[in-house]
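Numbered per this note's numbering, the sequence shown finishes at 687, counting up by one with no gaps.
The beta carbon of each residue, even a glycine, is placed where N, CA and C say it ideally should be.
Just below is one structure, and these are the notes that go with it.
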Amino acid sequence: MSRTSTHDNDAAVVRRAGEDTPARDSFPPLGHFIDGAFHTTAAETIALIDPSTGGTVAEVPSGTRADVDRAAAAARAAFADWGRTTPRERADLLLEIASRVEARADEFARLESLDTGKPRTVAADDVQGTVDVFRFAAGAGRAFTEAGAAEYVRDHTSILLREPVGVVGVIGPWNYPLLMAAWKIAPILAVGDTVIVKPAEQTPLTLLLLADVVRDLLPAGVFNVVLGIGPVVGAALAEHPQIDLVAVTGSVGSGRAGAAAAADSVKRVHLELGGKAPVVIFEDADLEAAAEALRTAGYWNSGQECGAGTRVLVHESVADRFVELLAEQVGAIAVGEPGAGDDIEVGPLISQAQLDRVRGFVERAEGEGARAVVGGRALPGPGFFLAPTVLVDVEQGTEASREEIFGPVITVETFQDEEEAVTRANDVVYGLAASVWTTNAARSLDVPRRLDFGTVWVNSHLVLASEVPWGGFKGSGYGRDLSVYALQDFSRTKHIQLNHAR
Ligand code: NAD
């Protein structure tokens with residue numbers, strides 16, 4: 186790929202919005218939501234930073250073990266009644282939550298954009314996904330059954346029951362604060378568990394708005410929010426003896442810490458961790474379609490997306506042509522603040538630390554022989570913007586080809602044959618998602634079956650639906666979000682056997 190010329194990438198500029206941020210007096214109450222009430226006072230606080238400007242947006246309490254204790258007691262007490270409600274009663278409430286969020290969709294989206302810097306279209310998509318997952322879980326909860334009664338031992342009738350597990354602790358990430366919380370809360374409530382959610386410390390606002398929106402709807406203690414940092418509040422949720430299951434969406438390190446803390450109480454663990462999705466492009470692929478799809482799938486949410494198509498493996502015979510097409514697409518991406526227009530595709534990274542981290546990956550990759558044909562540099566501030574980047578001449582086994590960069594960066598490697606492509610695609614610790622691009626019918630089923638990833642798309646990437654499971658293998662964790670499999674993960678099976686011999 187060394188023949189590919191460097192693309193004119195000076196086009197990327199940050200489009201600014203002017204005054205278009207939600208006013209502070211439109212914020213939800215800024216405090217923990219425990220037992221149906223907000224608690225806004227605290228000894229220590231966390232400053233929320235607007236990633237588009239670097240300015241401080243608000244301060245929220247930083248929770249303690251005592252806050253988790255209170256939430257766990259409230260959730261445990263509420264479970265006594267909530268766990269005995271019928272699927273239909275719970276479904277009615279979930280449908281009402283969906284309607285209320287939908288009615289205030291714009292407010293949710295604007296708040297999410299403020300907290301994360303994400304473009305308004307991305308935030309609106311998150312809100313729409315949130316509404317849909319509550320509706321899906323409402324219906325799925327009513328249709329969710331175990332096998333009926335049967336006699337497997339003579340004169341003994343077995344009944345299999347599906348039960349809630351009890352109190353679930355949820356630890357969330359900052360990349361999709363509302364959506365990732367909803368992916369947990371909806372199935373958890375649908376099966377009759379109560380829940381305590383700890384949002385990522387950087388991005389609690391939309392979860393607090395959700396609490397405010399449903400505070401008069403759900404019985405006190407069914408849904409709780411404790412704000413704070415991972416090693417304190419997250420660790421307490423994972424370790425707490427009154428919590429029956431902990432679900433972590435985040436990096437591999439946080440998942441590992443949560444699972445280790447959960448071990449003492451032999452708590453069930455549900456992990457949705459990082460990813461490094463390979464995009465395997467064969468010589469028979471529709472290259473234009475692949476390049477166009479990656480403009481979205483590689484850069485959606487500034488590439489801060491666990492399923493992002495970030496690691497292209499392209500057949501060497503079509504590599505130069507594909508890189509030209511990709512560079513054209515990526516060079517045309519509109520970068521800006523959320524309020525700068527509905528055509529903005531890429532916003533800032535979440536923080537200065539994340540910008541520095543991603544730049545570090547790019548610089549080290551260049552030090553190892555890679556070359557940016559588009560982007561590769563930070564954009565003038567304020568805010569934490571990086572130009573959408575394509576790195577070519579990336580060698581297999583280097584850091585950029587193995588590690589989750591979690592920014593607007595696609596790396597491109599080449600391969601010679603199908604066997605090599607499959608082996609190298611699988612050669613990462615992650616196993617969340619992958620895509621295969623081919624017009625060969627046999628290859629379109631055979632290659633996905635050999636890829637060690639929880640989702641494999643063929644001729645698309647990053648297309649999700651509430652009906653189908655989302656989750657990984659290997660270092661990406663275990664447990665499934667979305668679909669009936671999430672309801673399974675957040676419930677338990679009980680066998681009751683009746684001896685009726687006479
Ligand atoms: P992170 O690991 O920094 O934080 C995630 C959560 O874990 C936060 O709430 C944090 O406070 C908490 N945490 C940190 N240390 C902890 C500890 N010792 N004990 C308990 N909790 C702790 O992740 P992030 O930076 O917020 O999110 C980005 C990561 O999440 C990426 O790796 C991304 O791939 C992954 N992610 C995965 C999915 C998925 O569905 N698989 C979805 C979104 C994000």
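* Own chain partners of P633 with C-beta closer than 7 Å, once the 5 adjacent residues on each side are dropped -> For the purposes of this step, residue 633 is taken as residue 448 along the sequence shown, with counting starting at 1. If we look at P633 and ignore the five residues flanking it on each side, its Cβ neighbours are V621, V641 and V643.
* **Euclidean distance between Cα positions of D578 and A555** => Here residue 578 corresponds to residue number 393 of the sequence shown, with the count starting at 1. Here residue 555 corresponds to residue number 370 of the sequence shown, with the count starting at 1. So the alpha carbons of these two residues sit roughly 5 Å apart.
* Asked: Does the pairing of the segment 649 to 661 with the segment 599 to 609 give three or more beta-carbon distances under 8 Å?
  -> no
* Asked: Looking only at C-alpha atoms, which of E588, I381, L576 and E281 sits nearest to F321?
  -> In the sequence shown, the residue the question calls residue 321 occupies position 136. Comparing Cα-Cα distances from F321 to each of E588, I381, L576 and E281, the minimum goes to E281.
* By a C-beta neighbour count over all protein chains shown, 10 Å radius and 16 as the cutoff for buried, is E692 buried or exposed? -> The displayed coordinates of the chain run from 186 to 687. Any statement about residue 692 would go beyond what the structure contains.
* **Unbroken stretches of the alpha helix (DSSP H), 4 residues or longer, contained in the segment 607 to 656** => 626 to 635
* Terminal residues of the alpha helix (DSSP H) in which I282 lies -> Position 97 of the sequence shown, counted from the start, is the residue given in the question as residue 282. Its alpha helix (DSSP H) spans residues P272 to A288.
* 8 Å Cβ cutoff met for A375 and L279 -> Residue 375 sits at position 190 when you count from the first residue of the sequence shown. Residue 279 sits at position 94 when you count from the first residue of the sequence shown. A contact, by the Cβ cut-off of 8 Å.
* **Cα-Cα separation between I531 and A475, rounded to whole angstroms** => Your numbering for residue 531 matches position 346 in the sequence shown. Your numbering for residue 475 matches position 290 in the sequence shown. As written in the sequence, residue 531 is Val, which differs from the Ile given in the question. Taking the straight line joining both Cα atoms gives about 19 Å.
* Would the beta-carbon of W622 be found less than 7 Å away from any heavy atom of ligand 1? -> Indexing the sequence shown from 1 puts residue 622 at position 437. W622: no, Cβ never under 7 Å from ligand 1.
* Keeping to the same chain, check which residues put their C-beta closer than 6 Å to that of A385; ignore five residues upstream and five downstream. => The residue labelled residue 385 in the question sits at position 200 within the sequence shown. Excluding sequence neighbours, A385 sits near G357, P358 and W359.
* Within 10 angstroms of its Cβ, does K679 collect 16 or more other Cβ (buried), or is it exposed? -> Mapped onto the sequence shown, residue 679 falls at position 494. So K679 ends up on the exposed side.
* To do: Using a threshold of 8 Å, state whether the C-beta atoms of H500 and F600 are closer than that.
  => The count along the sequence shown starts at 1 and reaches residue 500 at position 315. The count along the sequence shown starts at 1 and reaches residue 600 at position 415. With a cutoff of 8 Å on beta-carbon distance, H500 and F600 are scored as near each other.
* Asked: Any heavy atom of ligand 1 within a distance shorter than 7 Å of the CB on D541?
  -> What you label residue 541 is simply residue 356 of the sequence shown in a count that begins at 1. For ligand 1, not one heavy atom lies less than 7 Å from the Cβ of D541.
* Within this structure, are the beta carbons of D252 and V411 separated by less than 8 Å? -> In the sequence shown, counting from the first residue as 1, residue 252 sits at position 67. In the sequence shown, counting from the first residue as 1, residue 411 sits at position 226. Yes, the pair counts as a contact, with Cβ atoms nearer than the cut-off.
* What first and last residue would you give for the beta strand (DSSP E) that runs through G682? -> By one-based count along the sequence shown, residue 682 stands at place 497. At residue 682 the sequence reads Gln, which differs from the Gly that was named. Its beta strand (DSSP E) spans residues S676 to N684.
* To do: Measure the C-alpha to C-alpha separation of I529 and P304 and round it to an integer number of angstroms.
  => The residue you call residue 529 lines up with position 344 of the sequence shown. The residue you call residue 304 lines up with position 119 of the sequence shown. Cα-Cα distance, rounded: 6 Å.
* Looking only at DSSP bridge pairs, what is L346 linked to? -> Walking along the sequence shown from the start, residue 346 turns up at place 161. DSSP output for L346 lists K679 as bridge partner(s).
* Do T608 and ligand 1 come close, with the Cβ less than 7 Å from some heavy atom? -> The count along the sequence shown starts at 1 and reaches residue 608 at position 423. Flag unset: Cβ of T608 not near ligand 1.
* beta-carbon G415 near ligand 1 non-hydrogen atom, thresh 7 Å -> By 1-based counting over the sequence shown, the position of residue 415 is 230. Yes, Cβ of G415 sits closer than 7 Å to a heavy atom of ligand 1.
* Asked: Under the DSSP definition of a beta bridge, which residues are partnered with E598?
  -> What you label residue 598 is simply residue 413 of the sequence shown in a count that begins at 1. Note: E598 sits in a beta bridge opposite L498.
* Enclosing beta strand (DSSP E) for R339 [first to last residue] -> The residue given as residue 339 occupies position 154 in the sequence shown. It is not in any beta strand (DSSP E) - R339 carries neither H nor E in the DSSP assignment.
* Asked: A197 by DSSP, collapsed to three states: which one?
  -> On the sequence shown, position 12 is the one that residue 197 refers to. Note: A197 maps to coil in three-state DSSP.
* Let me know the beta strand (DSSP E) ranges lying completely inside the segment 408 to 484, each 3 residues or longer, listed in chain order. => Within the segment 408 to 484, the complete beta strand (DSSP E) segments of 3 residues or longer fall at 408 to 410, 430 to 434, 453 to 457 and 462 to 466, listed in chain order.
* **CB of A610 within 8 Å of CB of A618, strictly** => The count along the sequence shown starts at 1 and reaches residue 610 at position 425. The count along the sequence shown starts at 1 and reaches residue 618 at position 433. Going by C-beta atoms, A610 is not nearer than 8 Å to A618.
* Asked: Should Q539 be labelled buried (16 or more other beta-carbon atoms within 10 Å of its own) or exposed?
  -> Within the sequence shown, residue 539 is the residue found at index 354, counting from 1. Flag for Q539 reads buried.
* Is G532 near ligand 1, going by C-beta to nearest heavy atom under 7 Å? -> Translated into the one-based positions of the sequence shown, residue 532 becomes position 347. Outside the cutoff, so no.
* Expressed to the nearest angstrom, what Euclidean distance is found between the alpha-carbon atoms of S187 and G526? -> Within the sequence shown, numbered from 1, the residue matching residue 187 stands at position 2. Within the sequence shown, numbered from 1, the residue matching residue 526 stands at position 341. With a pLDDT of only 40 at S187, under 50, the local geometry of the prediction cannot be trusted, and the value read off the model is given with reservation. Whole-angstrom Cα-Cα distance: 37 Å.
* To do: Could you have a look at R250 and say whether DSSP puts it in helix, strand or coil?
  => Walking along the sequence shown from the start, residue 250 turns up at place 65. Here R250 sits in helix by DSSP.
* Asked: Measuring CB to CB, does A405 end up less than 8 Å from G248?
  -> By 1-based counting over the sequence shown, the position of residue 405 is 220. By 1-based counting over the sequence shown, the position of residue 248 is 63. Going by C-beta atoms, A405 is not nearer than 8 Å to G248.
* Do I428 and ligand 1 come close, with the Cβ less than 7 Å from some heavy atom? -> Taking the sequence shown and counting its residues from 1, the one referred to as residue 428 is at position 243. No, ligand 1 has no heavy atom inside 7 Å of this Cβ.
* Does the beta carbon of I282 fall short of 7 Å from some heavy atom of ligand 1? -> Translated into the one-based positions of the sequence shown, residue 282 becomes position 97. Because no heavy atom of ligand 1 lies under 7 Å away, the Cβ of I282 does not count as near it: no.
* Asked: A563 to N486, Cα distance in whole Å?
  -> Sequence index remark: in the sequence shown, residue 563 carries index 378 (1-based). Sequence index remark: in the sequence shown, residue 486 carries index 301 (1-based). Looking at the two C-alpha atoms, the distance is approximately 16 Å.
* To do: Kindly indicate which residue of R275, D602, R587 and F638 has the alpha-carbon position closest to the one of V613.
  => Locating residue 613 in the sequence shown gives position 428, where the first residue counts as 1. Ranking the options by Cα distance to V613, first place goes to R587.
* **V399 to L576 span [Cα, whole Å]** => Taking the first residue of the sequence shown as position 1, residue 399 is located at position 214. Taking the first residue of the sequence shown as position 1, residue 576 is located at position 391. Answer to the nearest angstrom: the Cα atoms are 45 Å apart.
* **Best match in A323, L392 and R275 for proximity to L296 [C-alpha to C-alpha]** => Counted from its first residue, the sequence shown places residue 296 at position 111. The residue with the shortest Cα to Cα distance from L296 is L392.
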